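Taking it in order: structure first as structure tokens, then the write-up.
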Amino acid sequence: MHGMTIDSKYGVPTVSIHTDKFERVVKSVARVSGLPGASMAFVPQPVMGKSDRELRAYVDGNDPITGKPVMQEVIEGLIRPVGEAVLKNASFERTTPRLVEPDTEDNLHQLFLENNWTDKLPIILPTEERVGEMLKHTSHKPQEVVGHMRPTAFREFWEYTVEKVAVNAVMAGCRPEYLPVVLAIAASGATARHSTTSSAAAMVVVNGPVRHEIGMNCGIGALGPYNHANATIGRAYGLLSQNLQGGSVPGLSYVGSMGNNYAYNSITFAENEERSPWVPFHVQHGFKPTESTVSVFGGCHFLAFTLGVREKYWREQVQNLLRGMDPNLRSPVLVLDPITARQFIDRGGFDTKEKLIQWVYENATMPAKVYWDYQLVQNYIYPRATFGEEPWASKLKAAPDELIPMFRPEEIHVVVVGGETNGYWRIISGGYDKTVSVDAWR
Amino acid sequence: MQGNTATAMAGRKITVLNPMGYPPKVTGKPMAPRLGSLDGKTIYLVDARFDDSDKFLKQMQAWFAEHMPGVKTVFKQMSSVYTEDDPATWEEIKANGDAAIIGVGH
Chain A
1 MHGMTIDSKY
11 GVPTVSIHTD
21 KFERVVKSVA
31 RVSGLPGASM
41 AFVPQPVMGK
51 SDRELRAYVD
61 GNDPITGKPV
71 MQEVIEGLIR
81 PVGEAVLKNA
91 SFERTTPRLV
101 EPDTEDNLHQ
111 LFLENNWTDK
121 LPIILPTEER
131 VGEMLKHTSH
141 KPQEVVGHMR
151 PTAFREFWEY
161 TVEKVAVNAV
171 MAGCRPEYLP
181 VVLAIAASGA
191 TARHSTTSSA
201 AAMVVVNGPV
211 RHEIGMNCGI
221 GALGPYNHAN
231 ATIGRAYGLL
241 SQNLQGGSVP
251 GLSYVGSMGN
261 NYAYNSITFA
271 ENEERSPWVP
281 FHVQHGFKPT
291 ESTVSVFGGC
301 HFLAFTLGVR
311 EKYWREQVQN
321 LLRGMDPNLR
331 SPVLVLDPIT
341 ARQFIDRGGF
351 DTKEKLIQWV
361 YENATMPAKV
371 YWDYQLVQNY
381 IYPRATFGEE
391 PWASKLKAAP
401 DELIPMFRPE
411 EIHVVVVGGE
421 TNGYWRIISG
431 GYDKTVSVDA
441 WR
Chain B
1001 MQGNTATAMA
1011 GRKITVLNPM
1021 GYPPKVTGKP
1031 MAPRLGSLDG
1041 KTIYLVDARF
1051 DDSDKFLKQM
1061 QAWFAEHMPG
1071 VKTVFKQMSS
1081 VYTEDDPATW
1091 EEIKANGDAA
1101 IIGVGH
């Protein structure tokens, strides 16, 4: 992307080097960026961790896509003009028809599957009747624009309307009364199908009266496959993300190396406000307790878990959990059963979520030399530190063995959920994006 | 009877809505004029600061020194992370360079 900017906007001929796994992705991005002739060369994947000798072999070797020497591709990309035919086709219009060509149910199910419009599980076909029934549960017009979404910062935004969101909600199996919740999620503009090699998934926490109005589960099994609203709203988030942003196709518009089974329903649940000893999540973020909201998180990769908050060594045990996490920019979320939430108050006197967050911030530490060596810290935090951004610039001044914080306080969150069958709790990696009103979409 | 009804339903064509969003128009952008030759030119090797790309570009810099000594190369790291735009660096390249090679990206 930057190569295209330097070339087109600044007028400096530029060749971008990519690894071969990303051929389809980068050529697609070049095409939809209006630069189908962008100069690029490919080397084998990975570059990370290779020795100087191995990397020199990449330079001396052939481009695995074209079979030509890498340096020949690079030099020709800088000196040879791009053909007129390529430039002539750089501009084009695209449309999405409202309806699919009529066909039998079996054929339509096959079409949706082949077009990558599903999550590969069976869907409900979005007939006009079903979508129309769904649309009765919002006061907003079908053609009103809800938002814009894209799979990565390097791709173009696609636009979507109330009707398009309803279509995806039908496909996921949502009941019509769930629509305002799904619209609020869609209005966040945050994708649940982020195209990142890290295979990140999303998470949604629902707060306020709507939890009970539509029968969401915040008790026993809330994060499991035991509640219709939790299951289908979370599934709708994934489907609407992949379809409304223009796709989520492995190797083309999805690059998660391993994928993520959290993506099937985007960890969607309601907070157990009634059994929590603290204020609800949405109230922490400026909403009234009587308002209904969705809070959207991204970057969900992994979790740590344990049972209870022990009397003698709870501090060390919580520190162990935290140090097992990657100290990147989007963590951690403490997901606590109400039993555990009250134990944290008993053990540490954390009578507010903010006090627990401050304790986590101060105690999730590691030696500076270990912190700075993490690959994700090298990729995403070290450059910011060297550019002078705080608090990382100050962290960079720490002695190698000095303990430094792994996270910033604003990256740490606490949510209470569960049915108190025991005091298990988890730490989920997740970056909080935003909280959106459900009431605004009724 | 029920089987016959089911068969008839299965063969009936129905209309459904398309679930995809609306894409923007793609507008072609101009490309910089190519150089014809690299002799005597200055090439910026721009490190995107992702997954050891600096080490790769140092090897490419060594290749130019060995095979095309008439080309001047400048190794330049992006100011911050690769996800951010870096206009100051692009301006520097435009002012002082003839071409750029950037890597290693996705």
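So the protein lines, in turn, are chains A and B.
Under my numbering, the residue at position 395 of the first sequence is numbered 395, and the numbers go up by one with no gaps.
For my numbering, count along the second sequence from 1 and bump the result up by 1000.
Every residue, glycine too, gets a C-beta built ideally from N, C-alpha and C.
This structure is a prediction, so every number in the text was calculated from the model and none was measured.
Could you give the C-beta distance for residue i and residue j, rounded to a whole number, given that I count them as a contact under 8 Å?
i: G259 of chain A; j: S199 of chain A; result: 5 Å
i: I79 of chain A; j: R1034 of chain B; result: 5 Å
i: K1094 of chain B; j: G132 of chain A; result: About 55 Å separates the two Cβ atoms, so there is no contact after all.
i: T1015 of chain B; j: E128 of chain A; result: 6 Å
i: K434 of chain A; j: V296 of chain A; result: 6 Å
i: P1019 of chain B; j: N243 of chain A; result: 4 Å
i: A364 of chain A; j: F302 of chain A; result: Not quite, the Cβ-Cβ distance comes to about 15 Å (not below 8 Å), so this is no contact.
i: A501 of chain A; j: L240 of chain A; result: The requested residue 501 of chain A does not occur in the structure, where chain A is confined to residues 1 to 442.
i: A236 of chain A; j: V182 of chain A; result: 5 Å
i: V1104 of chain B; j: M1078 of chain B; result: Between M1078 of chain B and V1104 of chain B the Cβ distance is about 12 Å, and since that is not below 8 Å, they are no contact.
i: L380 of chain A; j: N328 of chain A; result: Looking at the sequence itself, residue 380 of chain A is Tyr, so the reference to Leu does not match. At roughly 6 Å, the Cβ-Cβ gap stays under 8 Å, so Y380 of chain A and N328 of chain A are in contact.
i: G298 of chain A; j: G431 of chain A; result: 5 Å
i: G234 of chain A; j: V204 of chain A; result: 6 Å
So with CB distances below 9 Å, who are the chain B contacts of residue i?
i: G238 of chain A; result: Simply none; closest approach about 12 Å.
i: S198 of chain A; result: By Cβ distance, chain B contributes nothing, its closest Cβ being about 11 Å from S198 of chain A, past 9 Å.
i: H18 of chain A; result: G1103, V1104, G1105, H1106
i: H194 of chain A; result: Per Cβ cutoff of 9 Å: no residues; H194 of chain A is ~12 Å from chain B at best.
i: W158 of chain A; result: M1020, G1021, Y1022, P1023, P1024
i: N379 of chain A; result: R1049, F1050, D1051, V1081, Y1082
i: W117 of chain A; result: N1018, P1019, M1020
Could you name the residues of chain B that residue i contacts, counting a contact when the two beta carbons are closer than 8 Å?
i: Q245 of chain A; result: G1021
i: T5 of chain A; result: D1085, W1090
i: W372 of chain A; result: None at all; the shortest Cβ gap to chain B is about 14 Å.
i: R80 of chain A; result: R1034
By the 10 Å Cβ neighbour count, where 16 or more other Cβ atoms means buried, how is residue i classified, buried or exposed?
i: Y262 of chain A; result: buried
i: T14 of chain A; result: buried
i: T95 of chain A; result: exposed
i: D212 of chain A; result: Contrary to the premise, residue 212 of chain A reads as His rather than Asp in this sequence. It counts as exposed.
i: N1096 of chain B; result: exposed
i: F1075 of chain B; result: exposed
i: R155 of chain A; result: buried
i: I220 of chain A; result: exposed
i: Q72 of chain A; result: exposed
i: L99 of chain A; result: exposed
i: L321 of chain A; result: buried
i: D373 of chain A; result: exposed
i: L121 of chain A; result: exposed
i: N272 of chain A; result: buried
i: A399 of chain A; result: exposed
i: H1067 of chain B; result: exposed
i: A1065 of chain B; result: exposed
i: M1001 of chain B; result: Residue placement at M1001 of chain B is flagged as unreliable, the pLDDT there being 43, under the threshold of 50; the coordinate-derived value follows with that caveat. Counting Cβ neighbours within 10 Å, M1001 of chain B comes out exposed, since fewer than 16 surround it.
Mind pulling the chain B residues with CB within less than 7 Å of residue i?
i: A153 of chain A; result: T1083
i: E93 of chain A; result: K1025
i: M71 of chain A; result: W1063
Name, please, each residue of chain A whose Cβ falls closer than 7 Å to the Cβ of residue i.
i: G1040 of chain B; result: Simply none; closest approach about 13 Å.
i: G1097 of chain B; result: V12
Who are the neighbours of residue i on chain A, taking C-beta pairs under 9 Å?
i: G1028 of chain B; result: G34, L35, P36, L87, K88, N89, A90, S91, F92
i: K1094 of chain B; result: I6, Y10, G11, V12
Going along chain A in order, which residues have a C-beta closer than 8 Å to the C-beta of residue i?
i: T987 of chain B; result: Absent from the model: residue 987 of chain B. The displayed extent of chain B is 1001 to 1106, so no value can be given.
i: F1075 of chain B; result: Correct list: empty, because the minimum Cβ distance to chain A is about 14 Å.
Would you say the beta carbon of residue i is closer than 7 Å to some non-hydrogen atom of the ligand MN?
i: T1042 of chain B; result: The ligand content of the structure shown is nil, which means the ligand MN is not present either.
Three or more beta-carbon pairs under 8 Å between the stretch 361 to 368 of chain A and the stretch 399 to 413 of chain A, yes or no?
The stretch 361 to 368 of chain A is in contact with the stretch 399 to 413 of chain A.
Does the pairing of the stretch 329 to 343 of chain A with the stretch 424 to 437 of chain A give three or more beta-carbon distances under 8 Å?
yes
Counting beta carbon pairs with one atom in the stretch 1090 to 1106 of chain B and one in the stretch 3 to 20 of chain A, are three or more of them shorter than 8 Å?
Touching, yes.
Stretch-stretch touch, CB-based, cutoff 8 Å, three pairs: the stretch 140 to 160 of chain A with the stretch 188 to 197 of chain A:
yes
Are there three or more Cβ pairs, one per stretch, closer than 8 Å when the stretch 159 to 172 of chain A is compared with the stretch 277 to 286 of chain A?
no
Please specify which runs of the alpha helix (DSSP H), each continuous and at least 4 residues long, are wholly inside the stretch 1024 to 1095 of chain B, giving them in chain order.
1053 to 1067
Quick check: the stretch 411 to 419 of chain A against the stretch 325 to 337 of chain A, are there 3 or more CB pairs under 8 Å?
yes
Is there contact here, the stretch 1025 to 1032 of chain B with the stretch 56 to 72 of chain A, by at least three beta-carbon pairs under 8 Å?
The stretch 1025 to 1032 of chain B makes no contact with the stretch 56 to 72 of chain A: fewer than 3 CB pairs, one atom from each, lie closer than 8 Å.
Contiguous alpha helix (DSSP H) assignments of at least 4 residues, all confined to the stretch 126 to 154 of chain A
Segments of the alpha helix (DSSP H) lying fully in the stretch 126 to 154 of chain A: 128 to 135.
Note down, one range per segment and in chain order, each alpha helix (DSSP H) of at least 4 residues found wholly within the stretch 89 to 124 of chain A.
105 to 114
What runs of the beta strand (DSSP E), each 3 residues or longer, lie entirely inside the stretch 286 to 350 of chain A?
For the stretch 286 to 350 of chain A, whole beta strand (DSSP E) runs of length 3 or above, ordered along the chain, are 293 to 300, 303 to 307, 333 to 336.
Segments assigned alpha helix (DSSP H), at least 4 residues, entirely inside the stretch 391 to 440 of chain A
392 to 395
Which runs of the alpha helix (DSSP H) at least 4 residues long sit entirely within the stretch 351 to 381 of chain A? Give them in chain order.
353 to 363, 368 to 373, 375 to 380
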